[in-house]
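The UniProt record's numbering puts the first residue of the sequence shown at 1, with every later residue one more than the last.
Taking it in order: structure first as structure tokens, then the write-up.
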Amino acid sequence: MHTIPRVNETPLPQDPPSAEPALVSPAPQLAPAPRRNVGLLVVLIVFALALVASLAISVTSQRRVRVVEQELARRQQDTQGVATEARMMAKQSQDTARESAAKVALLEARLAEVALQRTQLEELIQSLSRSRDENLVVDIEAGLRVALQQSAITGSAEPLVAALKQADERLGRYSQPRLDGVRRAIAHDLDKVKAVGVADIAALTIRLDEAVRLVDELPLLSQAPPRREAVRASAKATPAAPAASGPASWWQSVTAGWQQGLDIVWDEVRSLVRVTRIEHPEAALLAPEQAFFLRENVKLRLLNARLALLSRQFDTTQADLQAVQVMLDRYFDKSSRRTGVAIELVRQVGAGARNVALPRPDGTFAALTAAAAGR
1 MHTIPRVNET PLPQDPPSAE PALVSPAPQL APAPRRNVGL LVVLIVFALA LVASLAISVT
61 SQRRVRVVEQ ELARRQQDTQ GVATEARMMA KQSQDTARES AAKVALLEAR LAEVALQRTQ
121 LEELIQSLSR SRDENLVVDI EAGLRVALQQ SAITGSAEPL VAALKQADER LGRYSQPRLD
181 GVRRAIAHDL DKVKAVGVAD IAALTIRLDE AVRLVDELPL LSQAPPRREA VRASAKATPA
241 APAASGPASW WQSVTAGWQQ GLDIVWDEVR SLVRVTRIEH PEAALLAPEQ AFFLRENVKL
301 RLLNARLALL SRQFDTTQAD LQAVQVMLDR YFDKSSRRTG VAIELVRQVG AGARNVALPR
361 PDGTFAALTA AAAGR
């Protein structure tokens, strides 16, 4: 607020007092004129001050308006810059959004493709698993059929037993629950095959080979036993007496010499005369040349029996073994230990060479068929 300066009022001149009262009364009529001038002057001064104040306020307002306009212009420029930058950022955002949308679409497409591939892979794995089961079942079945043929050819249950054990081990390592029925069937058939006494061809052929080897060493009834040495005389012979001996020791030596001589003579006599019971007279009349052919005939019979045994012709084997048994009983000395061993070998081969039907693993084949069918 502007303070209005006070106007210095000039005191009016006062008239000197008069003594006369008549002259004093006209003075109040001249006073109103200066007062009106003072009021006008005051009004003018106030108006001037108001005008100056308004001018000052106007100038200040204009300055402020210019400052505000400048600030507004600056802010407008800043706003325009921000708006331009915002438009650029919005454009970039739109571009980024479009790129993101394209990438999302691509990712969705790839995700769908991956899901499809995963489904196909799962189907492939299941198919491979089923194929693996089927391949295992087919492989086991083929192995059992081959082993069954080998057992039928060789006459031994070992190939079939080995094939059943191998199949059970493979199924045990595979550990597939739906193939447990196959394992139970294999165990049942394995027990049946083991319970059957099938001829062991390999062991029987070994016995026949041993019998063939003993033929040349078997003693014949037509041949005299070899001359025995004076074993008993030598066993009973007393040691020589010492040089310084009396009449008693001389008598003992003479007695021992006579006893030894008598034993030798007795052994010679026994070798000249031999008493043997012969059930078949033709065996005693067998010439040495015929003995060779007899042994060869026995060998041929044993070899024929061996060949028939390997060919699973048990009837032919039994016929040859019976012929060998007859020849051993008729022409060879049964009191000999070697002859007894040969006869026992022939008897064992004849007892083992029997045509026993090998059981088929039908339960295992049925279980494999059911497993292959997926039941």
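The beta-carbon is built from N, C-alpha and C at its ideal position, and this holds for glycine as well.
Which word fits residue i, buried or exposed, when buried means at least 16 other C-beta atoms lie within 10 angstroms of its C-beta?
i: T119; result: exposed
i: E296; result: exposed
i: P361; result: buried
i: S54; result: exposed
i: T339; result: buried
i: R87; result: exposed
i: D216; result: exposed
i: A102; result: exposed
i: L44; result: exposed
i: A56; result: exposed
i: D78; result: exposed
i: V67; result: exposed
Specify the secondary structure class of residue i as computed by DSSP and reduced to three states.
i: L221; result: coil
i: F293; result: helix
i: D189; result: helix
Beta-carbon separation of residue i and residue j under 9 angstroms?
i: V161; j: V193; result: yes
i: P294; j: L208; result: Position check: residue 294 holds Leu in this sequence, whereas Pro was assumed. Not a contact, by the Cβ cut-off of 9 angstroms.
i: A372; j: A185; result: no
i: F292; j: N355; result: no
i: V349; j: L300; result: no
i: S336; j: L204; result: no
i: A211; j: V346; result: yes
i: A187; j: L358; result: no
i: L144; j: F332; result: no
i: A305; j: V326; result: no
i: G363; j: D168; result: no
Whole angstroms are fine: how far does the CA of residue j sit from the CA of residue i?
i: R108; j: R98; result: Inspection of the sequence shows that residue 108 is occupied by Glu rather than by Arg. Distance between the alpha carbons of E108 and R98 is about 15 angstroms.
i: S311; j: T154; result: 8 angstroms
i: V59; j: F47; result: 18 angstroms
i: E141; j: A370; result: 12 angstroms
i: G39; j: L49; result: 15 angstroms
i: W266; j: W258; result: 12 angstroms
i: A243; j: E344; result: The predicted position of A243 is uncertain, since its pLDDT is 42 and thus under 50; a value taken from the coordinates is nonetheless stated next. Rounded to the nearest angstrom, the two C-alpha atoms are 56 angstroms apart.
i: W250; j: D263; result: 20 angstroms
i: residue 377; j: E85; result: With the chain covering 1 to 375 only, the question about residue 377 has no answer from this structure.
i: Y174; j: G352; result: 39 angstroms
i: Q62; j: A90; result: 40 angstroms
i: E113; j: S93; result: 29 angstroms
i: A342; j: E158; result: 28 angstroms
i: L106; j: L179; result: 46 angstroms
i: V42; j: R64; result: 32 angstroms
i: A147; j: L136; result: 16 angstroms
i: P177; j: A195; result: 28 angstroms
i: Q80; j: T96; result: 23 angstroms
Which ranges would you report for the alpha helix (DSSP H) in the stretch 78-151 if only whole runs of at least 4 residues count? none
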